[in-house]
Amino acid sequence: MNNLRLLAILLYAALAGGGAGVSGQTVMTLDELFRIAETNSASLRPMFTGEQQADKELSVAKSERLPDINASLSLSYFGNGFTTERDFSDYQAAKIPHLGTGLSLNITQPVYTGGAITSAIDMATLKSTAARLSTELMRENIRFELTGCYLDIYKCLNLRKVLSANTDAAKLVLAEMQARHSQGTVLLNDITRYELLVSNLDLQMVKLNNTLDILNENLVTIAGLPSGTEVIPDTTLLEQSLPLNGEPWWQREALEHSPQLRLAKNSIEMSRKTESLVKAERLPKIGLQAGWTIDGPILVEVPPINRNLSYWWVGVGVTYNLSSLYKSNKSLSKSRIATRRAIKQSDALIENISREIHADHVNYLQAYEELRTLEKSVELAEQNYQVTATRYNAGMALVTDMLDAANARLDAEQQLVNARINIIYYYHKLLFISGKI
């Protein structure tokens, strides 16, 4: 779908949903719904914000490679002092310049941190990847949820056509019965039974319309469409040719593209980076240092000198946290256990996805077999209904035979609708599990 058509759909839905009591019908394909949900879904917006936050955290982690620059400025007042002998005798007053000033500048450039900065950057990168994968997983969930609602709406609309056709046929038979009853050739009990059939069909229609209303509201809410929009599925959906790839192909696709598996692998890498960060605490930190200071007055001389003393320096600083040798052991053990747990969770997830792929692939192929069988069943049910109706009109069949034939035709037609939708549903479920929807 081109962008102009998508814009037209959104504009029409907004105008239709903006008026009080106005319901706007619009035909949409699944791809169109997916694109609308991409920008309008309330569930996706926080995920996009999470991606932005993770990217900023990565920028913060990279900034740790830059030098630390500290500057300080001080202004102080000094009172007069005094001098004495060591036994506090011979007291003599000592005047001190009262105004004190200080200015210093220190620069430290990390050279070696035991891999702490690199591991922190890698961790931030993995978190950024996890945020994107979480968004992708949410997108997949929303698309599959939209697919479920969309196909259920399609199924209900087709069932409504089937119910409507059967109701019309039942009412036609009922009218003929009433005409024949006035001629004395049909019992009133037969009319009552057929009236009950029509009443049940009308009740099914009411329930079906209520189900459609609920499904449409769910679809509109998930996709972020304006309230009051009535989505009509694309009628060419059942005409699409779906591929019959073998199960091994789906298994490979799932292992490569599944957001759940990629998130699980990302969690393993994050646990390993946590181990690296803990190990980095045991290593020394080395940095190049430089500084410049100017202070006044010079108080180390007696009497004090009312002048500024300035000096600069460069060197190498080494720090080592000795307590990490005995404090980090428990943290390291905890991180290693977390890594093993993440690996086991990933293995379990692979098994679960493999089972789901197998089950849904079997159901997908089975749906094709059911469709072929039910197409023949509908044909036979229609023939049976026509034969029974002819025999009933000729007085050779009972009304119970007509009821059985009508119910059998209705049931066969409803199952046929479900079978056609089930093929599309299981195909999209395979796409969802393998991360390709």
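Take the sequence shown: its letter number 432 is residue 429 in the working numbering, and every next letter is one higher.
Virtual Cβ for every residue (Gly too), placed ideally from N, Cα, C.
Small disclaimer: the values here were computed from a predicted structure and weren't measured.
Bounding residues of the beta strand (DSSP E) (the contiguous stretch that carries residue i)
i: VAL315; result: 306 to 316
i: GLY47; result: Element bounds for GLY47: not the beta strand (DSSP E) but the alpha helix (DSSP H), 42 to 60.
i: SER101; result: 96 to 109
i: GLN286; result: 282 to 293
i: ILE66; result: 65 to 74
i: ILE229; result: 226 to 230
CB contact flag (residue i, residue j, <8 Å)
i: MET399; j: VAL195; result: no
i: GLY314; j: THR105; result: yes
i: VAL228; j: THR23; result: yes
i: SER40; j: ILE139; result: yes
i: LEU234; j: ILE150; result: no
i: LEU123; j: LYS270; result: yes
i: GLY284; j: VAL108; result: yes
i: ALA51; j: LEU143; result: no
i: ALA127; j: LEU252; result: no
i: TRP309; j: SER101; result: no
i: LEU437; j: TYR422; result: It is not possible to answer for residue 437, since the shown part of the chain is limited to -2 through 434.
i: THR385; j: ALA402; result: yes
i: LEU274; j: SER116; result: yes
i: LEU193; j: ALA167; result: no
i: LEU219; j: SER60; result: The question names Leu, but residue 219 in the sequence shown is Ile. No.
i: ASN390; j: ALA405; result: no
i: ASN77; j: LYS53; result: no
i: SER307; j: ILE295; result: no
i: ARG190; j: VAL396; result: yes
i: LYS282; j: THR316; result: yes
Inter-residue CB distance, residue i and residue j (contact presumed, cutoff 8 Å)
i: ILE347; j: GLU137; result: That belief does not hold up - the Cβ atoms of ILE347 and GLU137 are roughly 17 Å apart, past 8 Å.
i: ASN303; j: PRO64; result: Incorrect: roughly 35 Å between the Cβ atoms, too far for contact.
i: LEU72; j: THR98; result: 6 Å
i: CYS444; j: LEU205; result: What is shown of the chain runs -2 to 434, which leaves residue 444 out entirely.
i: VAL159; j: GLU410; result: 5 Å
i: ALA121; j: LEU55; result: 4 Å
i: SER343; j: LYS426; result: The pair is not a contact, with the Cβ atoms about 22 Å apart (cut-off 8 Å).
i: SER332; j: SER268; result: 7 Å
i: ILE334; j: SER255; result: With a Cβ gap of about 26 Å, ILE334 and SER255 do not count as contacting.
i: THR358; j: GLU244; result: Here residue 358 turns out to be His, not Thr, going by the sequence shown. Going by Cβ atoms, the distance from HIS358 to GLU244 rounds to 5 Å, so yes, they are a contact pair.
i: LEU377; j: LEU413; result: Not a contact, Cβ separation roughly 12 Å.
i: MET44; j: SER131; result: 6 Å
Environment of residue i [buried if 16+ CB atoms lie within 10 Å]
i: GLY111; result: buried
i: LYS373; result: exposed
i: VAL19; result: For VAL19, the pLDDT reaches just 40, beneath the cut-off of 50, and the residue's location in the model is therefore unreliable, although a value from the coordinates is still provided. When all chains shown are included, VAL19 counts as exposed.
i: ASN419; result: buried
i: ASP119; result: buried
i: PHE85; result: exposed
i: LEU438; result: Nothing can be reported for residue 438: it is not among the residues displayed for the chain, which extend from -2 to 434.
i: GLY432; result: buried
i: ASP408; result: exposed
i: SER79; result: Inspection of the sequence shows that residue 79 is occupied by Phe rather than by Ser. Result: exposed.
i: ARG129; result: buried
i: ALA162; result: exposed
i: ILE430; result: buried
i: PRO300; result: exposed
i: ASN318; result: exposed
i: THR81; result: exposed
i: THR226; result: buried
i: LEU239; result: exposed
i: MET393; result: exposed
i: LEU200; result: exposed
i: GLN257; result: buried
i: LEU184; result: exposed
i: ASN305; result: exposed
i: VAL375; result: buried
Boundaries (first-last residue) of the alpha helix (DSSP H) holding residue i
i: LEU143; result: 113 to 179
i: THR387; result: 321 to 390
i: TYR88; result: Per DSSP, TYR88 belongs to no alpha helix (DSSP H) and is neither H nor E.
i: ALA261; result: 256 to 277
i: GLU29; result: 27 to 37
i: GLU236; result: Run containing GLU236: none; DSSP gives neither H nor E here.
i: THR80; result: Run containing THR80: none in the alpha helix (DSSP H); it sits in the beta strand (DSSP E), 78 to 80.
i: LYS426; result: 396 to 430
i: MET202; result: 185 to 220
beta-carbon residue i near the ligand PLP non-hydrogen atom, thresh 7 Å
i: LEU407; result: The model on display carries no ligand, and the ligand PLP is accordingly not part of it.
Review point. How do the stretch 67 to 81 and the stretch 25 to 41 stand: do at least 3 beta-carbon pairs fall below 8 Å, yes or no?
Key: no
Check your understanding: On the three-pair Cβ rule with 8 Å, is the stretch 320 to 336 touching the stretch 276 to 283?
Key -> Touching, yes, given that three or more Cβ pairs across the two stretches are closer than 8 Å.
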